[in-house]
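Asker: Respectively, the protein sequence lines represent chains A and B.
Mapping of the first sequence onto this note's numbering: position 7 corresponds to residue 7, and the numbering continues sequentially without gaps.
Mapping of the second sequence onto this note's numbering: position 86 corresponds to residue 1086, and the numbering continues sequentially without gaps.
Glycine included, each C-beta is placed from N, C-alpha and C at the ideal position.
Take this structure first; my questions come after.
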Amino acid sequence: MNRLAGLLGLGAGVLMVLGLWTGLINAPPDAVQGEVQRIMYVHVPSILAAYVAFTVVLFASVAFLLRGTRGWDRLAHASAEVGVVFTAITLFTGAIWGKPTWGVWWTWDARLTGTAVLFLVYVGYLMLRSAVDDRERAGRYAAVVGIVGFFNIIFTHMAVKWFRTLHQPSTLQRGTIDAALVFPLYVNLIAFLVLYAYFLVRRVRLAALDEAVEARALEG
Amino acid sequence: MNFLTLAGHILRKDLRIEARSREGLNTLLFFSVLIVFLFRFALGSSEVQVRQAAPGLLWLAFILTGLWGMARTFQIERDNDCLESLRLVPGDLGGIYLGKVLVGCCLMLATELAILAMFGIFFHLDLWAALGRLVVVLILGTVGFVALGTLFSAITAQLKAREVMLPLLLFPLVIPVLLAASQLTGLALAGEGLSAEPHWLRFLVVFDLVFLVLGYLTFPFVMED
């Protein structure tokens, strides 16, 4: 487990540096937006990592409810925490990108609103966990929120999309992006996913140690 | 015990409690009068402004009163030390969930009709023409809200920080209901048929079904001790 974490950490480090280099130095500035567009190389990969993280929460939650093994619960908890961090990064970088291109830090656009709600749902998930003392019960309650919350987010995204949207359509789905800009985006995407995996492994291990310490303390 | 039978028992039990104490409905009604008055003062004296905001305000009023109604669903069980007995009920615990959803819908719909009437009187909205459509929207929106609210009520009733945790969990998740239902309410109040925007109608129906099923499936895990 430690070796895996080490490898992931190393991989994430190397890929992040490579991603920064291609994104900030190697890639040409955007034809319309200029230099500010480079924020995309952080903005897009972090939200995709967050989506992966919350999908992992869903599956780990289902597995925990069905099996009841602590490992699944630790995985769900860890993934939710990392996902919330990546969602926060997306919201912040989005605001920084929005100010020069749209003229405002925030707008009630569909994708912004959807992401903000996503953030709130999983912050609630984490707060619920900390509100329950008993670990077993915290895991079960959180798993229910992790499952219900995931499906709810799909509805939220659909509902807010039916309002007028200002956000540019998804960069990768649109396919209008120049190859010179796609390559750094993919490099950063992989870098963020590896970084997510690294955080996840570390966080799961931390949770396991936490529980071990607690068990030791109870033994006296 | 079959889950429908169980749901029926829960519904009968809670309605009997309500009929004898009238605690829930009385508080909900009084609370909603207060909310309507607060809205009036918050919005100033412009009638046009109030009318424009009416659909959203209506649903905000439902959700705010509903929050208390939902918190109460399992608090009465906890206060009377009945959660233990509910856990021991033989058969499918999902039936308890279904029963509680039915109770919640009854109380909520009664309150909502009262709020609607108050909006009509205080804000001079013409409700009669749209009443049929409004009731359809009320039912669809309420089922979605109560489906989520009942599940989270069961979770938070067992917590120390229950007053904070319920809105914290529930509010972000009812945003889709708030959106869809206030859109449809706006249509109905404007005198248009709901089929003018069929996607919102379908949206609410699917939302209700999905979260009723998810609530039914996950509820037994919430009740486990």
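(1) Please report how far the alpha carbon of B:C1106 lies from the alpha carbon of B:Q1075, in whole angstroms.
(2) Per DSSP, A:G34 is paired with what?
(3) So what's A:V85 in DSSP terms, helix, strand or just coil?
(4) Comparing the C-beta of A:V144 with each C-beta of chain B, is any distance below 8 Å?
(5) Closer than 8 Å by C-beta to B:P1167: which residues in its own chain qualify, once you throw out the five before and the five after it? Chain order, please.
(6) Measuring alpha carbon to alpha carbon, tell me which of B:K1100, B:F1122, B:L1098 and B:L1134 ends up nearest B:E1112.
(7) Using a Cβ cut-off of 8 Å, pull out every chain B residue sitting near A:Y41, in sequence order please.
(8) With 16 other CB atoms within 10 Å as the buried threshold, where does A:P100 fall?
(9) Smallest Cα separation from B:L1088: which of B:E1197, B:K1100, B:L1006 and B:F1203?
(10) Express the C-alpha separation of A:D73 and A:F64 in angstroms, rounding to a whole number.
(11) Rounding to the nearest angstrom, what Cα-Cα distance links A:V104 and A:G94 in this structure?
(12) Does A:T156 get closer than 8 Å to chain B when you measure Cβ to Cβ?
(13) Let me know the secondary structure DSSP gives B:L1125 once reduced to three states.
(14) Within a Cβ cutoff of 6 Å, which residues of the same chain sit near A:P86, ignoring the five residues on either side of it in sequence?
(15) Looking at chain B, which residues of the segment 118-142 of chain A have a Cβ within less than 7 Å of any of its Cβ atoms?
(16) For A:V57 and chain B, any beta-carbon pair shorter than 8 Å?
(17) Does the beta carbon of B:L1209 come closer than 8 Å to any beta carbon on chain A?
(18) Would you kindly check if the distance between the Cβ of A:L120 and the Cβ of B:P1220 is under 8 Å?
(19) If B:I1063 sits next to B:V1174, beta carbons under 8 Å apart, how far is it from one beta carbon to the other, in whole angstroms?
(20) Since B:L1212 and B:A1147 should fall inside the 8 Å C-beta cutoff, what is the C-beta to C-beta distance between them, to a whole number of angstroms?
(21) Using CA atoms only, rank isn't needed, just tell me which of B:M1223, B:S1195 and B:S1182 is closest to B:L1060.
(22) Use the C-beta contact count for B:M1001: other C-beta atoms within 10 angstroms, 16 or more gives buried, fewer gives exposed.
(23) Can you give the beta carbon distance from B:V1222 to B:F1119, rounded, assuming they're within the 8 Å contact cut?
(24) Among the candidates A:N26, A:D134, A:V213 and A:G71, whose CA atom is the shortest distance from the CA of A:F183?
(25) How would you call A:H43, buried or exposed, if buried means at least 16 neighbouring beta carbons within 10 angstroms?
(26) Is DSSP giving B:D1092 helix, strand or coil here?
(27) Between A:L58 and the rest of its own chain, which residues show a CB-CB distance below 8 Å, the 5 nearest in sequence each way excluded?
(28) What do you reckon, are the CB atoms on B:I1155 and A:V144 nearer than 8 Å?
(29) Which of the three DSSP states, helix, strand or coil, is assigned to B:R1133?
(30) Would you mind sorting A:N2 into buried or exposed? The rule is 16 or more other CB atoms within 10 Å of its CB.
(31) Within the same chain, show all residues whose beta-carbon is closer than 7 Å to that of B:M970, passing over the 5 residues directly before and after it, in chain order.
Answerer: Well, looking at it:
(1) 17 Å
(2) A:D30
(3) In the three-state scheme derived from DSSP, where H, G and I count as helix and E and B as strand, A:V85 is classed as helix.
(4) yes
(5) Excluding sequence neighbours, B:P1167 sits near L1067.
(6) B:L1134
(7) Going along chain B, no residue has its Cβ under 8 Å from A:Y41, so there is no contact; the nearest lies around 29 Å.
(8) exposed
(9) B:L1006
(10) 6 Å
(11) 11 Å
(12) Judged by the 8 Å Cβ criterion, A:T156 is in contact with chain B.
(13) coil
(14) Looking at the sequence itself, residue 86 of chain A is Phe, so the reference to Pro does not match. Contacts found: S46, A49 and A50.
(15) L120, V121, G124, M127, L128, A131, V132, R140 and Y141
(16) no
(17) no
(18) no
(19) 6 Å
(20) 5 Å between Cβ atoms; contact.
(21) B:S1182
(22) Per the 10 Å Cβ criterion, exposed.
(23) Not quite, the Cβ-Cβ distance comes to about 35 Å (not below 8 Å), so this is no contact.
(24) A:N26
(25) A:H43 comes out buried.
(26) Correct three-state label for B:D1092: coil.
(27) G146, I147 and F150
(28) yes
(29) helix
(30) exposed
(31) The structure shown does not extend to residue 970 of chain B, since chain B spans only 1001 to 1225, so no value can be given for it.
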